[in-house]
Every structure is written in C-alpha cells, then in structure tokens.
Amino acid sequence: MENNSIKPFIFAQDELSLTIEEFNNGDFVVIQLDNCHTNKTANDLLQIPDLHGIINCVKLFDNPHKCIDYIESICSNVYVFLILSSDVSIITSIRNLPQIIFIYLFNISETNDDINNYVEHINANNIFNDKKLLINKLNHDVNLFAKQLSPRMTLFNNMDGNIKEISIKDLSKESQYFMYMHLFIEILLRDSQSKAAKKDLLNEARQFYHNNASQLFRISEFENKYDSHEAIRWYTLDGFLYRLLNKALRYQDFHRIYKFRFIIKDLYEQLRRLYYEQSSELKNINTVYRGQLININELNNLQNNLGALVSINSFFSTSLNKTTALLFILGATQGETVPVFFEIKINNMNSTSTSYANIQKYSSKKDEEEILFSMDCVFRLESVEKDTEYDGIYLIKLTLTGQYEDENVLKPLTEHMRNDIGYGTYDLSALGHLMFITGQYDQAKYFYDLLSKDLQPNDPDIAKLYNNMAAIYQSQGNYAEALKYFEKTIDIDTNLLPKSYADIVTTYTNIAVVHQSQGNYAEASRYIEKALKVQLTSLPENDFSLAIIYKNVASFHQCRGNSAEALKYYGEALKVQLKSLPKTHPDIAITYNHIGFIHQKQATYAESLKHYENALNIQLQSLPKNHPDIAMIYNNIAKVHLDNGKYPDALKYFETTLHTQLNSLHKNHPHIATTYDNIASVHARLGNHAEAFKYFGNALRIRLKSLPENHPDIAITYNNIGSLYKSQNNYVKAMKYYEKSLKIRLTAQSPYPSYIATIHNNIGLLHAEKGDYAEALKCYEKVLTLEALRQNHPDVATTYTNIALIHRKQGDHTKALQDLEKARQIHLTFLPENHPRTATIYDNFGMVYKNRGNYAEALEYFQKARHIQLECLPANHPDIVKTCNMIGIVHQGQDNRVKALEYFEKALQIQLESLPQNHPDIAKVYNNIGIVHLKQGNHAKALEYFEKVLQIRSESLPGKHPDIAEACKNIGIVYQEQNNYAKALENFENALQIRLESSPRKHQDVIETCNMIGIVYKDQGNHVKASEYLEKALQIQLEFLPANHPDIVKTCNNIGIFHQEQDNHAKALEYFEKALQIQLESLPQNHPDIAKVYNNIGIVHLKQGNHA
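Here it is as structure tokens:
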C-alpha cells in the first residue's frame, strides 16, 4: 500500500451505479394484469425451472393504472413481458412504452370483434386460452431474448438518463473506460483463488436467488462439484453464474464484479490456456458471427463512429456457424430494439493481449460451435449497413485487433496509473484507489471498508487507509467525517517519523482543503503553513508532493486577490508536474484549470480558454466521460462565455456541466448547487426571471441541506436572489435577502472582506434605486472603512464608481468626476489599460459629462470605452451594446439624430442576434429609437417603437415594474404632442399609479410624472389641476433632493411657464429666478440650460413692458 495514498484536490461524488432492488429485479420482469384474483398464472410462472433461472421478478396487478405506473417507473434497461387477462383496451395506452417487449393475451373475455380491434398490436401467436401453451411460449421467448441480451452491447448513452450500463465503448472517445476496466480486471486476476473468493460468489448468488429452489440447488452443486478446469462449462450452463456475472459486467457494478472474481479468474485462465493450445487451429478461422438485439440509439452511435475501436467488457460469445448466429435474431425485432448481425474478422492475429478459443468441447452447449472471447478483446468498427439478404437486420462488420498493438494512446498513462494505484500488499486498497480516481466514491468506500476488516489496529498501512477514507468523505462533501479520519491519520503518522514526513505533508494539505471548503479560512491557512514548513525542511526539492504545496499556496494568494503571486506558484507546481508525471495525467489538467481561472479574472480570455482547453484535452483522454473534474472545466469555459456576454454558449456549457455532475455526484452535492446558481445567473441576464428563480431555489435547497448554516456559499445564493428581486423592483424582498447574505458574511470565519464589500455595494445600489442617496452613501462608506481592504483593492474601485453614481444623480458632477478618477487610478494598479473594467469607468465618465451637457467630452469617453471593448470583448458583448446606446444618446443630445439612429441601430442589431426577442434590454434601445423619431416630429414611428417597448416590458417584467411606467409615460408624451390630451392623461396616470406602487414617494420618477400630468392639465386649461400637480412635484423635490438638484430647476421652470401663461408675471419671475439661481451655482456659465431660463425671464419682462 506504499503507493496508493489518495492525493488532495480531487473533488467529486457518485452513487453506486445500481441499487440492490434494480439489480435483484434482473433484466426481465413478467407482469400479469388480471381484474379478478382467481387466475393463478403468475404463481405458476414461479414454478418453471428454466424460466426462473432468467426471471427473478413476477408481478400481478388488478388495477390498470397501477400497472401502467409500475411499468413507467422501470428503468429502460429492464424488459417487460406483459400478460393481459382483463380489458384489452389498455393496449392503446401502453403499446409505445419502450420497456414492453412482448404482450400476451390470456383468457380474454371480450368478443372476437373486440380483440380484432387490437390485433395489429398483438402477435397472433401470443393469444392463448390454454395456460400451459402460454407458459411454454413465454419460456421460449424469455430464453431467446436472454441469449440476444447477453452480453448486452450498449454504448454509453447521454440521451437516456436511465441507461446505466456501459459494456461497449468507443475507445476513440472514451478509451479511458477501457483503461480503468482493464486495470480493475488486472487487479482481480492477481487475487489468489482463496476460499473467501469462492464464498463471496456463493453468498451473492444465494442472496439473489433466495426464493428459487432450482437455482439454489444448482448453487449447492457448484459449491460441491466445481473444478477450475470446468469453468467454461459452468459459465455456459445458462444459470446463476452466466446471468449474474454478465449483468454485473454490463452495469459495471464493480463491487458485484469483485464478488465474482473467483469465476472470472478461472475463465480467464482456461481461455488463455486454450488460446495457446489451439493456436494452430485458430489461425485457420477467418470469421465468426453473432446475432443480437441492440437499442436504436446504440445503432445510431455505431453508425456515427465508423473506424473507431470498440471494447466489449464481457465474455463475448460468437459462433463459427452463421446460421446458428442468425437463429438468435430472425423474427425477433420488437419495440425500441433492432436486430443486428455481427461479422467479425479474426484472422492474422498474433497477439499476446487477446484471448479467445473454440469452446465447443468445453461448453454445456455442444451444438453452437461457439468461439468465446475474453473480456479485454478490442475490435475495430469497419461498417454498419442494412443487410441485403435479411430484411430489417443490420450487418455490423468488426475486425479483431490487439489492445496495445494499435492506436492505444493510453499506454503510458495506463502504466503510470498502474504504478499510482500500487500493486502492494493489499489488492483491496488498489481497487479502492482505482474507484476513487474514476469518481466512483461509494464503490471506493466499499473496497476500503472490506480492507479495514482485514487490517490490524497496529498495521503500518492503517494510516493510509484512514487518509483515503477521509478523501472520500471530503469529495462527498461530508467534511466532519473527513476531518475525523484525517486527524486519525495524523495521530498515526506522527509516531512513524521520519519516514512519514511525506504522508504528514499530504494530510496537512488535505485538512487545509477541508477547512477551506467549510469556510474556516484561518484554520486552512494554519494547516497549509504547517505543510509547507514540513515540506521545505524535510523533503527533497523535486518531490512530487511539493507540487501540491505550491498549488495550495497559490490558492490562498488567489483567494486574497494576489493574482501575480498565485500565477507564480501555480507555474512552479506545473513545472514539477510536467517533470514527474505523464503528459496526460489528470493532476496536470487541474493546474491548467487554476491558471486559466486567474487569466479569466484578469480578462485575458484567450489565455484563459487556452489553459482550460489544455485541461479539458487531458481529462477527456484520461478520465471517465462523467468525471466531476471534467464538469469543472465545462463550468469554467461556461463562465468565460458568460464574461464575454455569450449567454447562449454559457448556458449550453453550464447545462453540460449539470448533466455531467448529475451522472457522477449525489443529487445534493455542493458542486451541483454551484451549477444551479450559475445557470440561474445566465437566465437572469437573459431576462428569464422565472427560470432564474427556479434554479436559484434549487441551489439554495442543496446548500441549506449539505453545508453549515453560515457557509459563504449560502450567502452567495442569498445575494444573487436579492439582486434578482432588485431587478424586478421588489425592494423589500431584495433587502431581505441581502441582509441574510450580509449576516452570514459577518458571522462566518471569512478573512475575505471582498465578499462583505460586494453585499454592502449591492445594498447601496438598492438604496440608490429607491432614491435613498444618504443611505446608499452610508453603505459605500462601510466598504471604504473595511480595514482588511487595501486602498487599491478592486472592491474599493467599484465603491468609488458607485459613489460617483450617487453624486451624478444628485447633480454634483465635480465630486462624481473626482470619485471616478480615484476608481480609474485603482484599476490601473492591478488591471491593464484595455481591461473591460477600465471601459466601464470611461462609460461612467461619459455619463457625467453628458449630464453636464458637455457632449464633446462625453463622446470622447464613450468612444474610449468602445475602443477597449472592441479590442478585448466579442462583437456582440452587452457592454458594447450599452456604450453604443450611450453614444447614440449623446448624438441625440447634440441634435445629430442621424448619428443617434446609427448607433442605436448598431446596438439593436447586436441585441437581436444574441438575446431573446422580448428581453428588457432590447426594449431600452427601442425606447431610444422612439425618442429620436419623437424629436423629429415623426409621431407615428415614435408611437410604434414605444408600443413595442410596452409590449416587451409587459411580457417580461412584473406588472408594477417602473420600466413599464416609463413606457406608458413616453406613449403619453406622443399623445400630448398630438394634442390628444385624454390619451396623454390616461397613459401618464397609468405611469403614476405604477410608480406610486413600486417606488417610494420621494423617487424622482414620481416627481417627473406629477410634473407631466400638471403640464397636460395646463395645456387643457385646467389651471387648478395643473397647479396641484406641479406644486406636488416641487414639494416632494424640496423635501428629499439637494437644494441645487437639476430636477428642481426643471419643476421651477415649468411652474414659472404656467404662471406666465396666466399673466401672473410676478409669480412667473419668482420661479424662473429660483431656477436660475440653482443653475448658476451648479452649472458652467455657458451651459445651454441656463440660456433657456434667461430666455423665459426675458419674455416675462417683455410682457411687462420692461424693455431694458
């Protein structure tokens, strides 16, 4: 056991591939539906010796609905023989169920005419009134189908989650399965033929057939009379050995395969012996044949992989006689299966790795001229085509080839894995380690549990056993059990110094990883320092475990945002690995993954994808297809696409991640929760809020069940749900989830203030959207006062950007520009000039200058942002859309409407190609195009676009969302300009009602709508109503906005115009001068808005006759 201690940084989980109930039900189920309980056919079936050797499950139903429910619940790799002794009308409901192979009618009471209505669905030979004839036909059909089934040649099928069997594999894509299976069998064959091995076989068989007297008799006969020279005869008896061994092999049920190691070894050795004895005879055999049924999906997979190598992980039976092979499939096509005829060329073989023999003399069946292949034979798929001689049959041509003589890229990796697994004292340890590295953790635990029963408490290898058990619990997310076993390991290794230094380093590292997974970062840091200290003082520099330490040190730097140091240590780890491991070793892939992740965070996406693809390429060659580490790479590639704004691609890779994880991890594993969280985030960005809530809910359910209540990952989901509610303008629920997230962050043992900063920033943004600018600033100040954040930390830059947003909304443009400059300077200390975050800063500069009316400066910054975006982001990234949109708005502000439309249409084109047609972001661009048409006086076009906006927002947003109110407002403006005051008021009042229900009274949108309603009433001549709404707007503004806010200017100006039109010149001048005073204090002296107020004051003086 010296070489098979499990390494850290391997994360995954699976369940046993097959439940006891599924296995014990066997491949076949006989079901009888009989409305009356007088029929004894089902009980009679149990008395048929030949039939009961194959079928272990016979069910009797008297309720059609329960019968259908049961059939639908059966896995699609279990076949049903259905006997109907009641209403035949059920046939229309069940005829398409893939599990049903044959249907029989027995003692049907309906008239012949009733039966004739269903005869097209029933073989005429399957209608009986005689019980004995029915049982004989059933016995014949089951036996025939059983021979077609074994071994079941099944490609691993992603299309059907119920298919768990893997016994034929396309080695060009999934050759790692053959490698692991070969290693597994190799270990089994080393096992001595002990009494324990035979006892395991007998116990398993007796447990399976505990109610079957005939099979129990045969098992006892095997126990007393078996001789290893007769292994083939016992195997071909078509009894318990043949059925159970082949079923375990088809399902890759490793712990049951282990229980049959006794017969596997004897079969191997007898076939190998016969192979050499018959060498002269076998050279004269050119072709052998096999007939069998396969699933239609499996056939399609074979057709799509011509030229590939195929491995069959069962003892593979063929015949020298073509006619004999055809007997197994002629007339047997049923349901979802297809009859295929294998024609296998075996001449010119001179291989030491391939065993097969003519077993006619040794088989229990002397008439089949059988050639039996050993489990590790490999074939090349030459062709798949319809047979020209027999209708409905497919001819599949294979050529036998050697395992290692041709096209086996896995040979060096297999050699390394063989050494890594360790062929030491204990085969059970090697089997456990093999199961672990394939991600089958429950199977690994099974073998380690067996080993623990063989070891004495003082055995020197007990420490490694504890370490390996801990690693399994760690991978399953059971951190408490993992720590318990790691601590047992340390206790033992401490007493074995100095020879156990390397083991102590490994265990300290594993403990650190567990603490990090639990969010106990202080403890994690303490153990990683202990590991590094032991490594550097006690072990040679080129020791492989040094790579593990380097990776852990890199991980801690990475978590602290120190990307340069993290890349340095990951680079050191990679150097050690490339010197000491095969180039396709999975550990190298993990290091590439870490390096890719850091490049992703630095927005060097091309470098990131390059390293992820290096990792994926290694894993696809060295790991099983559904290994959790492959899922991790798919997840990271998805995140790159997400960062690039390629949401459909991101969703596709996240869904691939989820599919892989669901096939390899238990359903409540934390990694699955992370994937649900990621899928939800994509749906949120696509505007699919219902889907986003569903997936966030899935993530939260798993995390609450599988993690400590204050785990940081739970806080992440709460934060994300809060942001989703915020996007729906549900501020109460958003705040509730933000506060839950913050509470966990403040109580957890997290040294990473970045997480706390994120939540404070989000809460600040929430207050800002509600118009609570003072509260928002308090939140941002909390971020800036976090002691652990460096002054040049990215979160500090984000906070300054958010503070600038508040100052901009308050009209304090000078402060806003100062805050943005601070943010830009911080970004320049840790990000390149052309990073997307820098572009975001430039966008914000542009927004401030636009609000100041300095369109030339605004345009300069927006163009800077767009230049960076086009350089480092894909052409359809959402950030480019936003910047194009803003450039359009600036051109619109300059009355350059042609240019404005040009940029709006650029933005719209990108969105229509990359977003759903009803995405809210598309509505924003439609809205801006509508505004351009409105300013051009093209009311019909403006109304067309505004109505598109309203339709999209009504379909994709909650009913009281403020963006719907904005659409109503803009439609109202069109009607107002058309002097259709009734329609204008209708839309403005709709807008006001939504805004009062969705926003606080002090929200600027409420003020704006009051202003607009007041103006419509003024235009209608309803001065009382006009004055009421205009004064209401001003009152709210003076109560909640800074005294120099530009919106107060706008309202004062509107009230002044109102009084002017009523010839109330004194009141008009009072409000115009209030507006002018605010502008002179907050705007440049040459700002165009000041000229407008001067103009209004001049008109009043003119009307008063004050010409001077």
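In this note's numbering, the protein residues as written are 1367 to 2474.
Virtual Cβ for every residue (Gly too), placed ideally from N, Cα, C.
Keep in mind that this is a model prediction, so the values were computed, not measured.
Problem - Buried or exposed by the 16-neighbour rule on C-beta atoms within 10 Å, applied to residue 2470 - result: exposed
Practice task
Give me the Cβ distance between residue 1724 and residue 1644, rounded to the nearest whole Å; I'm assuming they're in contact under 8 Å.
Solution key: 6 Å
Exercise for the section: Enumerate in chain order the residues of its own chain whose CB-to-CB distance from residue 2296 is below 6 Å, with the five nearest sequence positions on each side excluded. Expected result: 2308, 2311, 2312
Handout entry: DSSP-derived helix/strand/coil call for residue 1478
Key = In this prediction, residue 1478 has a pLDDT of 49, which is less than 50 and means its spatial position is unreliable; what the coordinates show is noted afterwards. The answer is helix: DSSP assigns residue 1478 an H, G or I state.
Handout entry: Contacts around residue 1478, its chain only, beta-carbon distance under 7 Å, and the 5 residues preceding and following it disregarded
Key = Bear in mind that the predicted position of residue 1478 carries a pLDDT of just 49, short of 50, making it too unreliable to give a figure here.
Problem - Other residues of its chain near residue 2475: CB distance less than 6 Å, five sequence neighbours each side excluded - result: Since the first and last residues shown for the chain are 1367 and 2474, residue 2475 lies out of range.
Problem - residue 1579, buried or exposed, once every other Cβ within 10 Å from all chains shown has been counted against 16 - result: exposed
Problem - Residues bridged to residue 1618 [DSSP beta-bridge criterion] - result: The partner list for residue 1618 (beta bridge, DSSP) is empty, contrary to what the question assumes.
Practice task
Taking residue 2464 as the reference, give the member of 2446, 2445, 2444, 2423 with the closest Cα.
Solution key: 2423
Practice task
Would you check if the distance between the CB atom of residue 1954 and the CB atom of residue 1924 is smaller than 8 Å?
Solution key: no
Problem - Per-residue burial, residue 2130 [other beta carbons within 10 Å of its own, 16 or more giving buried] - result: buried
Exercise for the section: Check each candidate in 2354, 2019, 2103, 2049 and name the one with the smallest Cα separation from residue 2066. Expected result: 2103
Handout entry: Coarse secondary structure for residue 2061, derived from DSSP in three states
Key = helix
Exercise for the section: Buried or exposed for residue 1452, please, with buried defined as at least 16 other CB atoms from any protein chain shown within 10 angstroms of its CB. Expected result: buried
Handout entry: Residue burial classification, residue 1662 (beta-carbon count within 10 angstroms, cutoff 16)
Key = exposed
Handout entry: Beta-carbon spacing of residue 1750, residue 1658 below 8 Å
Key = no
Practice task
Note down the Cα distance separating residue 2192 from residue 2234, rounded to an integer number of angstroms.
Solution key: 18 Å
Handout entry: Separation of residue 2245 from residue 2314, as counted between CA atoms
Key = 23 Å
Handout entry: Euclidean distance between Cα positions of residue 1804 and residue 1722
Key = 29 Å
Practice task
Check each candidate in 2328, 2392, 2370 and name the one with the smallest Cα separation from residue 2351.
Solution key: 2392
Exercise for the section: Measuring alpha carbon to alpha carbon, tell me which of 2094, 2334, 2176 ends up nearest residue 2323. Expected result: 2094
Exercise for the section: Report the three-state DSSP secondary structure of residue 1655 (helix, strand or coil). Expected result: strand
Problem - residue 2199 versus residue 2209: straight-line alpha-carbon distance, rounded - result: 14 Å
Practice task
State yes or no: is the C-beta of residue 1456 within less than 8 Å of the C-beta of residue 1430?
Solution key: yes
Problem - Beta-ladder partner(s) of residue 1705, from DSSP - result: 1659
Problem - Integer-rounded CB distance, given that residue 1436 should sit under 8 Å from residue 1449 - result: Rounded, the Cβ-Cβ distance is 14 Å, inconsistent with contact.
Handout entry: Contacts around residue 2475, its chain only, beta-carbon distance under 7 Å, and the 5 residues preceding and following it disregarded
Key = Beyond the ends of the chain as shown, which are 1367 and 2474, falls residue 2475; an answer cannot be given.
Practice task
Have a look at the DSSP bridge pairing and note the partners of residue 1722.
Solution key: 1739
Exercise for the section: Determine the DSSP secondary structure at residue 1752, reduced to helix, strand or coil. Expected result: strand
Handout entry: Exposure of residue 1652, with buried meaning 16 or more beta-carbon neighbours within 10 Å
Key = exposed
Practice task
Using beta-carbon positions only, say whether residue 1829 and residue 1858 come within less than 8 Å of one another.
Solution key: yes
Problem - residue 1821 versus 1794, 1839, 1843, residue with shortest Cα-Cα distance - result: 1794
Handout entry: Three-way DSSP call (helix, strand, coil) for residue 1538 in this model
Key = Confidence at residue 1538 is low in this model, with a pLDDT of 33, below 50, so the placement of that residue should be treated as unreliable; the coordinate-derived value is given next. DSSP places residue 1538 in helix when its eight states are reduced to three.
Exercise for the section: Give the DSSP-derived three-state secondary structure of residue 1638 in the structure shown. Expected result: helix
Problem - Cβ contact check for the stretch 2000-2007 and the stretch 1812-1827: 3 or more pairs under 8 Å - result: no
Practice task
Measure the C-alpha to C-alpha separation of residue 2403 and residue 2177 and round it to an integer number of angstroms.
Solution key: 13 Å
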